[in-house]
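What follows is one structure encoded as structure tokens, with my remarks underneath.
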Amino acid sequence: MTTEVVNGLALRRSKDGDLPIAVQVSGDAALFSRPELKVERVTYPVMTPTAAVGVLEAIYWKPEIRYEIVAIEVLKPIKQFTIRRNETTDVAPLADAIRGKRRVDTVAHRDQRNAVCLRDVAYRIHAHLVPAAHADKPAAAYRDQLRRRVRRGACFQQPYLGTREFSADFSWPDDTPRDTSVNEEVGIMLHTIHRDGRGQPRMEWFAARVVEGVLHVPPRGMEMALPSAGGAA
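Oh and the sequence shown: position 123 is 123 in this note's numbering, straight run, nothing missing.
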């Protein structure tokens, strides 16, 4: 795969030689939870690739395509705040909830926890649409459909920024410059979740680093166990 510098940003081309498509997202708040911290939710300082995929799939999803995140630009300074959130520690099985045997969320299983979140965020996501082997259209056709939906503001469901409490606005990219003052060694970050035929997850991770407001995402991650609190930055 080759790269090309576009507006000062090195972007990886697809196997077919195409540049990634870009979508701009923003919101009042975001929470991209670090998996190694269990008691309280603490956000990564930037959007994660899996959260970016979630936003794109909320806008346009087809079973015959997947999104490969290439880069995420940070467009606003990193600002954090803390809130207390109600979380449930036990979720009833769907069948029991339908039959009325158990409620999905009960006072007995509800807990208040602190969450460290991000305030006033904006990102520019660069991604490839990768057709599966059974796809009946070329990648360009799916890109055009995504492009039309973004321009119309159409989505299958409301995109969100890490948690459904924090909805995301999305648009075609404008000329907002990235915040080049953002430079951080983020630590181990989830790259991709694969599921086998039985639905069991297999996770890939990568060492995330933001350089001059850009998180570059490699084509593949590394398979490893869930990071512990002592093993991540």
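In this text, a Cβ means the ideal position worked out from N, Cα and C, and glycines have one as well.
Taking the alpha-carbon positions, what's the arginine 148 to glycine 221 distance?
-> Using only the alpha carbons, I get a separation of about 31 Å.
Neighbourhood of proline 219 by C-beta distance below 8 Å, restricted to the same chain and skipping five residues each side | So the list reads Met1, Arg12 and Glu68, once near-sequence residues are dropped.
Strand pairing of threonine 43, partner residues [DSSP] | Answer by DSSP bridge pairing, in chain order: Ser33.
Compare the beta carbon distance of leucine 75 and tyrosine 123 with 8 Å and say whether it is the shorter of the two.
-> One thing to note: leucine 75 has its Cβ within 8 Å of the Cβ of tyrosine 123.
Determine the burial state of threonine 48: buried for a count of at least 16 other Cβ atoms within 10 Å of its Cβ, exposed for fewer.
-> Classification of threonine 48: buried, given that the 10 Å Cβ count is 16 or more.
In chain order, what residues of the same chain lie with their CB nearer than 6 Å to the CB of alanine 29, ignoring the 5 residues before and after it?
-> Within its own chain, the residues whose Cβ lies closer than 6 Å to the Cβ of alanine 29, once the five positions on either side in sequence are excluded, are Cys117, Arg119 and Phe166, listed in chain order.
Alpha carbon to alpha carbon, how far is leucine 9 from alanine 208?
-> The alpha-carbon atoms of leucine 9 and alanine 208 are separated by roughly 17 Å.
Arginine 34 beta carbon less than 8 Å from that of valine 46 | With respect to arginine 34, valine 46 sits apart: the two C-beta atoms are not nearer than 8 Å.
Using CA coordinates, which residue listed in Glu212, Lys38 and Glu223 is at the minimum distance from proline 201?
-> Out of Glu212, Lys38 and Glu223, Glu223 has the C-alpha closest to the C-alpha of proline 201.
Would the beta-carbon of glutamine 24 fall within 8 Å of that of serine 171?
-> Going by C-beta atoms, glutamine 24 is nearer than 8 Å to serine 171.
For arginine 143, collect the residues of the same chain with a Cβ closer than 6 Å to its Cβ; drop the 5 residues on either side in sequence, then sort them by chain order.
-> Answer for arginine 143: Ile21 and Leu129, listed in chain order.
Given that a residue counts as buried once 16 or more other Cβ atoms are within 10 Å of its Cβ, and exposed if not, what is alanine 154?
-> Alanine 154 is exposed by the Cβ-count criterion.
Roughly how many whole angstroms lie between the Cα atoms of glycine 54 and arginine 198?
-> Computed Cα separation, rounded: 22 Å.
Residue range of the alpha helix (DSSP H) that tyrosine 142 falls in?
-> From DSSP, the alpha helix (DSSP H) with tyrosine 142 extends over 139 to 152.
Proximity of phenylalanine 206 and tryptophan 61 at Cβ, strictly below 8 Å = It is not a contact, given that the beta carbons lie outside the stated cut-off.
Please check the pair glycine 162 and leucine 31, which I expect to be a contact at CB under 8 Å, by giving their CB distance rounded to whole angstroms.
-> At roughly 4 Å, the Cβ-Cβ gap stays under 8 Å, so glycine 162 and leucine 31 are in contact.
Check whether glutamate 4 and asparagine 114 have beta carbons under 8 Å apart = Cβ atoms of glutamate 4 and asparagine 114: not closer than 8 Å.
Closest by C-alpha distance to leucine 188, when choosing among Ser26, Ser14 and Leu37 | Residue identity check: residue 188 is isoleucine in the sequence provided, not leucine. Taking the Cα of isoleucine 188 as reference, the smallest distance to any Cα among Ser26, Ser14 and Leu37 is reached at Leu37.
Can you have a look at histidine 194 and say buried or exposed, based on whether 16 or more other CB atoms are within 10 angstroms of its CB?
-> By the neighbour-count definition (other C-beta atoms within 10 Å, threshold 16), histidine 194 is an exposed residue.
For the putative contact between isoleucine 65 and alanine 140, defined by C-beta atoms under 8 Å, what is the C-beta separation to the nearest angstrom?
-> In this structure, isoleucine 65 and alanine 140 do not form a Cβ contact; the two beta carbons are roughly 12 Å apart against a cut-off of 8 Å.
State the Cα-Cα distance for the pair proline 138 and glutamate 184, rounded to the nearest angstrom.
-> Proline 138 and glutamate 184: Cα-Cα distance of roughly 37 Å.
What is the residue span of the beta strand (DSSP E) that proline 201 lies within?
-> Taken as a continuous stretch (DSSP letters only), the beta strand (DSSP E) holding proline 201 covers 201 to 211.
C-alpha gap between aspartate 169 and methionine 203, whole angstroms = Inter-residue distance for aspartate 169 and methionine 203 is about 28 Å (C-alpha atoms, whole angstroms).
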